[in-house]
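Protein chains in written order, with the working numbering: chain D, 22 to 159; chain W, 5 to 486.
Ideal Cβ placement from N, Cα and C applies to all residues, glycine included.
Following: one structure in structure tokens, then a few remarks.
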């Protein structure tokens, strides 16, 4: 059975999610979806789809995941968009080039202040699938 | 698993874990709690996180947790740690994403019965005038050049532009501006996020509250602070918004490889990313943090301007003046001097969810309050009491720091599962408290049941001598962001 993309875990003050992916690409996309759903970010029903290209370079894979999500939060706040899909053009251990596809942001439930590196875990299971645990400051 | 037996009782309100508890601790860990509250502290990761904080290079005396502490990221929320400037570190995660999140308190000249007929309209008008910043309400947009002036000039810059009075900056920590701010240390990402968020409230636990002075504990200090029974006051709780969050993200990202490769510092978790305080990179972060702190003071100044406008719109000739009691940060890193091992030592005090509380006579306390001590403002959770306290000499043991709120005790997820926002609004309504909000779920997440009892927290703070009670405030109307 295919695992769900993400799960919100218990945390006293912040937003903690566990993310799954068949591939690293899917893991990163699900982490973005989990972040938005965890913070209850809603898109406008009407309107055009918007595409934004991003490039993120980082220290290693766990940091790449955090930095990728931080870059997305920056775009949410400055472009007032929320994204639903990611198309990866380049995916290395510490570098990503991708196109984010999203729509205008309607509202957010909680404002995610930042993506933390606290207790950050990214690992590949024996079956080759990927998992991650990420904590967001809200 | 840590338990009560690992603690040494220092006093009824102070407990210590010795340095020998874990081999990597550089100093003992101290927790300011009552015996009754101590058990609660074990229910989350606060203590292991505090112990992690005690391993940071250059930390002196103790790593400290306040009575409102709860688990966070890197150190717990409610942490105070002083790092020697000469050979210690600076750590953005131990300041937090919301740089200079803090409280501003405005005093009115009116008593609650005088505004009772206008309370509903005041709450509506204030909600209308102060944008939440997440797309609702009108927002100001500044050019990058103007924004740089705010980052360098803080609240005084806005006051010069006509958004306030001279007294507003006098009654503010650091007079609303840290002079070592440097806009070149702030990324364009951070500046872009900050352009349209000056004067915005944000979301989560940030709020505006109309309150009344319900009880005065210290008549003498209350008089110095200009407080009287039944007086209406307005509390503002918010920080540096997206700009501050971005500064924290930027420097955590930069510091991780520097810490591991260049400075070879070992920390228990990457969120502790740090570099030597006196390194060029450490100084750049310190300047960027100061810029974000200035932005936060400007933000609260602009909010005060909007509130004054709303106050005037509703009350007209009856309005009188709204004067600032004080504005104080609870997420910030400051250079301060303390006697350490008989020697005056300069330290970088990291306060994350802790309020600075300087004693009587301290040169950084505004002259009008200096004989009494620094005003300390500690908000309760929604619908509960808040407190005004005053700094003490005894708090030196905690680097002149005190609590910053009630402290969460229930997760947001659990709160929304067990509490309904409508029910909270109804219950507060029965007590005559008006709630203005955009989201009922947000109300449930911030329900009083999700927090520790603020009265218990304040008793610890008062009895431990971290600061002394001056007045108790109770809410009349709550205005939340998103």
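| task | Could you work out which residues of chain W lie near residue 159(D), taking near to mean beta carbons separated by less than 7 Å? | result | 208
| query | Is the Cβ-Cβ distance between residue 410(W) and residue 17(W) less than 8 Å? | reply | no
| query | Can you tell me the Cα-Cα spacing of residue 121(D) and residue 148(W), whole angstroms? | reply | 26 Å
| Beta-carbon proximity list for residue 135(D), same chain, < 6 Å, skipping 5 on both sides | 158
| DSSP-derived helix/strand/coil call for residue 335(W) | strand
| Alpha carbon to alpha carbon, how far is residue 313(W) from residue 30(W)? | 51 Å
| message | I'd like to confirm the pairing. Which residues does DSSP put opposite residue 33(D) in its beta bridges? | response | Looking at the DSSP assignment, residue 33(D) forms no beta bridge with any residue, so it has no partner.
| Contact with chain D by residue 257(W), beta-carbon distance below 8 Å | yes
| said: According to DSSP, simplified to helix, strand and coil, what is residue 10(W)? | reply: helix
| Boundaries of the alpha helix (DSSP H) in which residue 287(W) is found, first to last residue | 284–319
| query | Got a sec: is the Cβ-Cβ distance from residue 18(D) to anything in chain W below 8 Å? | reply | Past the boundaries of the shown model lies residue 18(D); chain D is included only from 22 to 159, so the question cannot be answered.
| query | At a Cβ threshold of 8 Å, is residue 34(D) touching chain W? | reply | yes
| task | Just confirm the distance between the C-beta atoms of residue 231(W) and residue 475(W), as a whole number of angstroms; I'd bet it's less than 8 Å. | result | 5 Å
| Who are residue 348(W)'s beta bridge partners in DSSP? | 343(W)
| task | With a floor of 3 residues, list each beta strand (DSSP E) that falls wholly inside the region 20–82 of chain W, ordered by position along the chain. | result | 33–35 and 67–74
| request: Throw me the rounded Cβ distance for the residue 144(W) and residue 198(W) pair, which I believe falls under 8 Å. | output: Actually they are not in contact, since the Cβ atoms of residue 144(W) and residue 198(W) sit about 11 Å apart, beyond 8 Å.
| task | Check whether the Cβ atoms of residue 330(W) and residue 381(W) sit closer than 8 Å, and answer yes or no. | result | yes
| request: Give the secondary structure of residue 379(W) by DSSP, where H, G and I count as helix, E and B as strand, and everything else as coil. | output: strand
| task | Determine the DSSP secondary structure at residue 435(W), reduced to helix, strand or coil. | result | coil
| request: May I have the straight-line CA-CA distance separating residue 273(W) from residue 223(W), to the nearest angstrom? | output: 47 Å
| task | Just mark residue 352(W) as buried or exposed, buried being the case when its beta carbon has 16 or more other beta carbons within 10 Å. | result | buried
| query | Out of 263(W), 240(W) and 348(W), which has the shortest C-alpha to C-alpha gap to residue 300(W)? | reply | 240(W)
| Length-filtered (4 minimum) alpha helix (DSSP H) runs lying within the region 51–126 of chain D | 82–100
| Do the CB positions of residue 166(W) and residue 181(W) come within less than 8 Å of each other? | no
| query | Is any beta-carbon of chain D found at less than 8 Å from that of residue 249(W)? | reply | yes
| field | Bridge partner(s) assigned by DSSP for residue 118(W) | value | For residue 118(W), which the question treats as bridged, DSSP gives no partner whatsoever.
| request: Go ahead and pull the three-state DSSP assignment for residue 213(W). | output: strand
| request: Go ahead and label residue 379(W) buried or exposed: buried means 16 or more other beta carbons lie within 10 angstroms of its beta carbon, across all protein chains shown. | output: buried
| task | Starting from residue 235(W), trace the beta strand (DSSP E) both ways and give me its first and last residue. | result | 235–242
| message | By the three-class DSSP mapping on this structure, what secondary structure does residue 96(W) have? | response | helix
| said: Taking CB distances under 8 Å as the criterion, tell me whether residue 80(D) reaches chain W. | reply: yes
| query | Expressed to the nearest angstrom, what Euclidean distance is found between the alpha-carbon atoms of residue 144(D) and residue 29(D)? | reply | 18 Å
| query | From residue 310(W) to residue 93(W), what distance separates their C-alpha atoms? | reply | 39 Å
| task | Just the chain W side, please: which residues come within less than 7 Å of residue 156(D) by C-beta, in chain order? | result | 77
| query | With respect to the beta strand (DSSP E) encompassing residue 250(W), which residues constitute its N-terminal and C-terminal limits? | reply | Taken as a continuous stretch (DSSP letters only), residue 250(W) belongs to no beta strand (DSSP E), being part of the alpha helix (DSSP H) at 245–261.
| field | Proximity test, Cβ basis, 8 Å: residue 246(W) and chain D | value | yes
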